[in-house]
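Heads up: the sequence lines are chains A and B, in that order.
One point on numbering: in numbering that gives the first Met the number 0, the residue at position 524 of the first sequence is 523, and numbering is uninterrupted.
One point on numbering: in numbering that gives the first Met the number 0, the residue at position 54 of the second sequence is 53, and numbering is uninterrupted.
Using N, Cα and C, we set each Cβ at its ideal position, and we do this for glycine too.
A short write-up of the structure that comes next.
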Amino acid sequence: MTPPMTPPVAPSRVESRTVPGGVGDSAARPDGVLKVTGEFAYSSDLWADDMLWGVTLRAPHPRALIKSIDLGPALAVPGVHAVLTHEDVPGEKHYGLDRRDQPVLAVDQVRYQGEPVALVAADHPETARRARDRIRVEYEVLEPVTDARRAALDPGCPKVHESGNVVRHQPIRRGDPETSGAEVVVTGEYEVGMQDQAFLGPESGLAVPAEDGGVDLFVATQWLHVDQEQIAPCLGLPPEKVRLTLAGVGGAFGAREDLSMQVHACLLALRTGRPVKIVYGREESFFGHVHRHPATLRYEHGATRDGRLVHVKAEIVLDGGAYASSTTAVVGNAASLGAGPYEVPNVAIDAYGVYTNNPPCGAMRGFGAVQACFAYESQMDRLAQACGLDPVEIRVRNALSEGSTLATGQVVDMPAPLTDLLERARAFPAPPPPDRSDARNLPGGVANTTRGEGVVRGVGYGIGIKNICYSEGFDDFSTARVRLELVGGEPAALVHTAAAEVGQGLVTLQAQIARTELGVARVTVAPADTAVGSAGSSSASRQSYMTGGAVKAACAAVREQVVKLAEARLGRTLGEVTLRDGELRADGVAVPLAEILAGEAVEETREYRHRRTFPLDPVTGQGNSHVQFAFCVHRAVVDVDVELGLVKVVELAAVQDVGKILNPVSLAGQIHGGTAQGLGLALMEEVQVSGGEIRNPSFTDYLIPTILDMPPMRLEILEHPDPFAPYGLRGAGEPPTLSSTPAIVAAVRDAAGLPLTRIPIRPEHITGT
Amino acid sequence: MRTDPAVFLRPATWAEALAAKAEHPAARPIMGGTDVMVELNFDRPRPPALLDLTAIPELAGWERTGGLIRLGAGVPYTRIITELGDALPGLAGAARTVGSPQIRNRGTVGGNLGSASPAGDAHPPLLATGAAVEVASARGTREIPIGDFFTGPKRSALLPDELIRAVRVPAAAGPQQFAKVGTRNAMVIAVCSFALALRPADRAAGTGIGSAGPVPLQAPEAEEFLAGELDWTSPEALDERVARRFGELVAAAARPIDDVRGHAAYRRHALAVLARRTLTWAWDDYRRETAGAGDVDGQR
């Protein structure tokens, strides 16, 4: 038994009036205009006058032994400054987020197509590529392991790593599903294809060798310090000699949690003594980062005749590909959230994450919860049908609420207004029938495939449960340094964290918090780098909570110092103090901060930690493993051309509880974006892998939704504060990615009358051809 | 930037362009770059030279002579949509489905013919209307009937020293349709596509099939079937059985494969649906034109 969670401290007071540009305001993004006008400097725009270009030689086979490597012809190319293999890695040869199982450069064998084998630095990118193409590698090609379920369950399956193919098996056991007394049982087998994060800015960075023998790396990433932790040992350097600065990030969605070109650029820079830039092209990017785990999910749901769940059994197999990446944590989410946001007394879930010779998979928005959500929501619809209930009604009858216990034994000790979310989604007015005078309103759009022939409307619902912040006992924290001083006679705050702005609006939010907490208008957010303590990852919808919490705490510390300064200057103790509009207000008087801070600067650094979590029991899966839960409901309305199998999503409506709205425009962007990514998974996005090889590594054939695929959205946002979280907020970026997919698939099923158990749905699944 | 060709040629006149192509027969012509740049980005071809034809004024216009449109090789899809929607409705319909607005501003029929992709959106309407490709070299000019132009996947009858000057497309003499299936609602390469052009004066219909064979195809049996079945003089509502049979014959003319964009069986099925629907729409249009407005219950 894990100890119960400590009760919350008194919730922080939420400002009753919004400060301009403060918390709750749609403060303008400093990077917004630059990005829209194409002026923003992304990591791929980095430049040093004397820099070299690095390129990577990648394995063409998913599984092979390296018999020999001949670098001679590459080294002979004029303009080439270095050609490196694993023998040139001075320190640790392997790295990894969770297990150090991934080689910097392949050592004697390759485990996936595209695995880095050698590096070239040259004075021109074309020279580097030509030299790379002259490296001679002799492979002994082996039969790849590509069947994840076999890798999980068949002890006779060849091993991808010596340690065995199962990276993690997490059971969840609650009650006894075999004696649940179910009157209605539905089963289903579901499949989720491999989704790509499809960020627009490919992996890139610039490594600059330093005079102290270290290296400065400018790179687009999600967590500077965990990169530093992994890079330094490989370079054989102490961490303080590997300094990272965040370069402009063109999207992340989990794909930048793992290292890509970081160690490679540093190795080449340190070897050549010159700055080295590496930029992947789009095709290389598909091989250069992890994807969402493809999954097969077998479910059995048991219920009473009136639709109350009595048991859930599930086997979930997640294909982690060649290296562990974050597979262990993805398994933890799929297992612990595998029964969905429902009260179920009897649960038996077995989630497996395995090694195969398929492309490595790791973090992507929704992280294990997405795959499970598609399956359990599909099951809820089946159950609704079996019980003769409306899809919303069956969910309402089983929905969690505050005080409910999850399959892991964890009690939901924060608001969980799921019934309200579902009822609001159901209450949205139905969109009108399509205006057929404009082809863009019909499936196929301007491609002119129908004037209404074969078009059937469908409606579907989905709801998900996502854990916010890192789980399972991880000691997670974020650090913020806040400095308040006079600049040009006016009070100004400087916020410094290592938190990665990946497009979500975190730089804006940090300034908003400082404005609200310190009552100053002028706030600067310093570039994120490793000169300040770790902020943790821009992952798990956690940065508003964690770095927001850290900035808030640092501001509170600064405020205390300001009060002390004021008391010293005024020569008396002050009662309740507020900082607002550049003034300190207490006891009915207002003192300009300019007077209090004259000649002084106040600077404070704080680490913020969320409440403690605990590991899941390896046998029973019991444990208070999660910090916070977040919920979103989608209603999808689709028009399906059932003869051609083409889908037009007519409307997506979402209801989400976010605890507290910090920035309305940013929040809407997160919900729109998360919903669109869920639409992509439902209808088109798949890295197609055959025999371990990627068949569509390009945006020509890996399709992501366009503006003509993504419908207008209806949003309704609820604010039930979480007493444990800063401002009562709830992480918001991931939940919509969970629920939009099953809602859309349910709507297509409703229209087409087909089971549709695999995503993305392809036209031939609907036409049966 | 992926590949830096050794030579970049930018002739200012058509004569200079032909001379350059004669001197550098391996040079890759580039107009809008919507095919060429994609290929270069993939690092597949490494042409020794690029021949940029965007500066040549002769290519950038179109002219009408009697019933024939001579469409310069450099006219972008956007202009086909805005300027030629009435004269070439099938081609304009295909143009609307090309890429995104930015790509339609750059991409040209001439350039896409040069690539000769089996999936080129403009190709089926050119086949359906019996267009001809006007090609030229320093040796002279010749016309290649569109049916002879495509010789294999991304291969054409163009000789190494030849450039595409224009496409000669008969102006529409009856209803035309183009329809394309893709797995998203815009900016997608065709899974399959179909074009139909009715020519009432000839009592005939032309067809074109895209992305369902090694080259863009016609469906001659389907065309013959229609010629025999349709009553052009006093057109009745289309018999559902005729539409269905036409769809089957179009599907039978396709030679599709399984690939990342779709399966062969689906492509055949979808072509049958597209052929049936487009014939219905085109025939309804024809009946409306014949009978005068208002007494056809064509559109559902």
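- Within 7 angstroms of the CB of G181(B), the CB atoms of chain A belong to A446, in sequence order along the chain.
- The shortest CA-to-CA distance from V218(A) to any of G247(A), A231(A), K240(A) is the one to G247(A).
- Identification of chain B residues near L707(A) by a Cβ-Cβ cut-off of 9 angstroms yields R183, N184, A185, M186, ordered along the chain.
- A straight-line Cα-Cα distance of about 41 angstroms links R148(A) and W52(A).
- Nearest CB-CB separation between T96(B) and chain A: below the 8 angstroms threshold.
- At the C-beta level, G453(A) and L682(A) stay beyond 8 angstroms of one another.
- Under the DSSP definition of a beta bridge, A498(A) partners with W222(A).
- Out of E235(B), R138(B), G212(B), T277(B), the CA that lies nearest to the CA of P152(B) is found in G212(B).
- Shown here for V185(A): same chain residues with a beta carbon closer than 7 angstroms to its own, the five before and five after excluded, namely H300, Q378, R381, L382, A385 in chain order.
- L273(B) belongs to the set of residues whose beta carbon lies under 8 angstroms from a beta carbon in chain A.
- The Cβ neighbour count for D475(A), taken over all protein chains shown within 10 Å, is at least 16; the residue is labelled buried.
- Taking 9 angstroms as the cut-off between beta carbons, the residues of the stretch 740–762 of chain A near chain B are P759, R761, P762, in sequence order.
- Distance between T33(B) and A171(B), taken at the CA atoms: about 27 angstroms.
- In the DSSP assignment, M712(A) falls within the beta strand (DSSP E) that extends over 712–717.
- With its beta carbon less than 8 angstroms from one in chain B, E282(A) belongs to the interface.
- Rounded to the nearest angstrom, the gap between the Cα atoms of A151(A) and E650(A) is 39 angstroms.
- Note on geometry: alpha-carbon atoms of D616(A) and Q627(A) lie some 19 angstroms from one another.
- Assignment of beta strand (DSSP E) within the stretch 630–681 of chain A, counting only whole runs of 3 or more residues, yields 645–656 in chain order.
- One finds E763, T768 in chain A with Cβ atoms closer than 8 angstroms to the Cβ of A264(B), taken in chain order.
- When DSSP assignments are scanned along the stretch 68–115 of chain A, the uninterrupted stretches of alpha helix (DSSP H) that are 4 or more residues long and fall wholly within it turn out to be 71–74.
- Neighbours of Q108(A) across chain B, judged by C-beta separation under 8 angstroms, do not exist; the nearest C-beta is about 26 angstroms away.
- Of the candidates H625(A), T507(A), R558(A), the residue whose Cα lies closest to the Cα of L573(A) is R558(A).
- At least one C-beta of chain B is nearer than 8 angstroms to the C-beta of P704(A).
- The C-alpha of P432(A) lies about 15 angstroms from the C-alpha of P711(A).
- Secondary structure in the stretch 153–227 of chain A: the beta strand (DSSP E) runs of 3 residues or longer, each lying completely within the stretch, are 165–173, 183–191, 203–208, 214–218 in chain order.
- Between E606(A) and Q229(A), the alpha-carbon positions lie close to 22 angstroms from each other.
- Per DSSP, Y375(A) is one residue of the alpha helix (DSSP H) stretching across 368–386.
- When DSSP reads this structure, Q627(A) sits in a beta bridge with I467(A).
- For R748(A), the closest alpha carbon among the candidates L269(A), F723(A), E763(A), V639(A) is that of V639(A).
- The beta carbon of P169(B) sits closer than 8 angstroms to the beta carbons of G66, L67, I68, T128, G129, A130 from its chain, once the five residues preceding and following it are set aside; these are given in chain order.
- When the beta-carbon positions are compared, R729(A) and A667(A) stay at least 8 angstroms from each other.
- Close partners of N40(B) in chain A (Cβ separation under 9 angstroms): G280, R281, E282, S697.
- Per DSSP, reduced to three states, the secondary structure at W280(B) is helical.
- Of the candidates Y701(A), S624(A), L33(A), I743(A), S624(A) places its Cα closest to the Cα of V330(A).
- As DSSP reads the structure, T523(A) sits in a beta bridge with L493(A).
- Assigned with DSSP and collapsed to three states, F7(B) falls in strand.
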